[in-house]
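Working notes, structure below.
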Amino acid sequence: MKKTLLAVAIPTLLIANTANAYELINEEGKFVDFYGQLRTQLEKKEDTDVTLNAGSSRAGVNAKYAVNEDLDVVGSVEFGVGYSEGSYDIKNRLHFAGFATQAGTFTFGRQLVSADDVWGADYSYFFGGTGIALTSEKLSGGKHDSAIKYKFEGENFWVNSTYGLSEDDSNQELAELFLGTSVAGFNLHVGGGYNRDKSLALGKAVTTSTVPTDNDQDGTIDANSFATVSTSTDITADIKNTYFEGTVERSFGPALVGLTYNNGSFEQEGTNRTLDVDTIMLATSYSVASNASIYGGYEFTNFDAQDGTTSLSEDYTVIYLGGVYHLNSWSRVYAEYGYADGATLSYANDEANINVARGVKDAESSFAVGYRVYW
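Numbered by mature numbering (1 follows the signal peptide of the UniProt record, and there is no 0), the letters in the sequence shown go through residues -21 to -1, 1 to 354 in order.
Below is the structure:
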């Protein structure tokens, strides 16, 4: 679940985004805090056993020092614990520094891309967000190792932009810009970007060949003695992605309703292969008490692929329903049901540590329960 513009309008979501960070330093002009989330999640997918593991736990340090009344220096470092194939790996998630002024904040380093910051109409904890994962974050995964980010928050509008350095093609090319405002009770944001990966890994090609052998090792090839040798080669492609996203949200008393449209246009350099992805995400959340809410969403994706004169169109639908209960301001428990039907590309939900494989989903059901402790 991402923090959208109107999330703070609902008391239960205000609690959900409260972080009880431990202040290491808090004195005039100096502030350093240690924050984190411990996550545990139980998940049941169709035709698989129940799994219980870490759900993308993380911890980090924020620092802010005042240089003068108009300039602060800022920095953050964050590490995550993810569960993958039976192991828990600690990896650096974020690592950046910069400066903040009245004209905005500039940061440099490993950061979330702007599309991940602003997100869209997805109020799920597990199974939503397909429109973003399949368009703006399909190539980047939501992060860039060498990003320059600018953020500005004014009284009536905000700006969020990211430029990613390719560094001799060791990183992806990335440029994006998002703008947001509030009009007549509606919170709106639009934006998009360009992303290119010149060596996107598509898999491996395995070739086999038969070679003569010297079994008795006498320096000569044995007659009628052969061995099969397999060679594995990485398959890569140069993929460009141009994407757009627009979201409108509004609260109605204890309810929040949001609608997002996403488009991603993918092109493989040097070929006639293209893929156009259009998605709609409709979501709602309702606060049933000061510390509890229910939520749901409907997400529809259309894929239009072109390979020379051959074309193919497929649809993919995701529906999720869930609820969250806050034991207090620093812990919560939540449960969610997910339904998936149709054909899809593979995509990842880094926030929930969930990966969806490429293929056809035949009215598949999934269920997950999670628990988080904040500090």
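Note that CB positions come from ideal geometry on N, CA and C, so glycine has one too.
Whole angstroms are fine: how far does the CA of residue j sit from the CA of residue i?
i, j, result
"residue 297", "residue 281", "12 Å"
"residue 315", "residue 332", "15 Å"
"residue 277", "residue 43", "40 Å"
"residue 337", "residue 134", "43 Å"
"residue 56", "residue 37", "11 Å"
"residue 139", "residue 207", "55 Å"
"residue 164", "residue 237", "13 Å"
"residue 347", "residue 59", "20 Å"
"residue 310", "residue 350", "7 Å"
"residue 13", "residue 20", "23 Å"
"residue 137", "residue 160", "7 Å"
"residue 355", "residue 219", "Residue 355 lies beyond the residue range present for the chain, which begins at -21 and ends at 354; the question has no answer from this structure."
"residue 343", "residue 321", "9 Å"
"residue 141", "residue 88", "11 Å"
"residue 242", "residue 223", "5 Å"
"residue 221", "residue 129", "20 Å"
"residue 266", "residue 303", "10 Å"
"residue 144", "residue 251", "27 Å"
How would you label residue i, buried or exposed, when you count the other beta carbons within 10 angstroms and need 16 or more for buried?
i, result
"residue 4", "exposed"
"residue 127", "buried"
"residue 294", "exposed"
"residue 111", "buried"
"residue 306", "exposed"
"residue 232", "exposed"
Between residue i and the ligand FMN, is the CB less than 7 Å from at least one heavy atom?
i, result
"residue 305", "Absent from the structure shown: the ligand FMN. Ligands present: none."
For residue i, which of helix, strand or coil comes out of DSSP?
i, result
"residue 109", "helix"
"residue 93", "helix"
"residue 134", "coil"
"residue 151", "coil"
"residue 160", "strand"
"residue 50", "strand"
"residue 206", "strand"
"residue 5", "strand"
"residue 337", "coil"
"residue 117", "coil"
"residue 100", "coil"
"residue 76", "strand"
"residue 270", "coil"
"residue 179", "strand"
Going residue by residue through the stretch 223 to 256, where are the continuous beta strand (DSSP E) segments of at least 3 residues, counting only ones entirely within it? Within the stretch 223 to 256, the beta strand (DSSP E) runs of at least 3 residues that lie entirely inside it are, in chain order, 234 to 247.
For the structure I just gave you, are there three or more beta carbon pairs, one from the stretch 263 to 270 and one from the stretch 120 to 127, closer than 8 Å? No, the stretch 263 to 270 is not in contact with the stretch 120 to 127.
Below 8 Å, can you find three or more Cβ-Cβ pairs linking the stretch 175 to 182 to the stretch 136 to 152? Yes, the stretch 175 to 182 is in contact with the stretch 136 to 152.
Between the stretch 282 to 289 and the stretch 85 to 105, can you find at least three pairs of beta-carbon atoms closer than 8 Å? The stretch 85 to 105, when compared against the stretch 282 to 289, does not touch it at the 8 Å Cβ threshold.
Taking only runs that begin and end inside the stretch 9 to 49, name each unbroken beta strand (DSSP E) of 3 or more residues, in chain order. Assignment of beta strand (DSSP E) within the stretch 9 to 49, counting only whole runs of 3 or more residues, yields 9 to 24, 30 to 33 and 36 to 47 in chain order.
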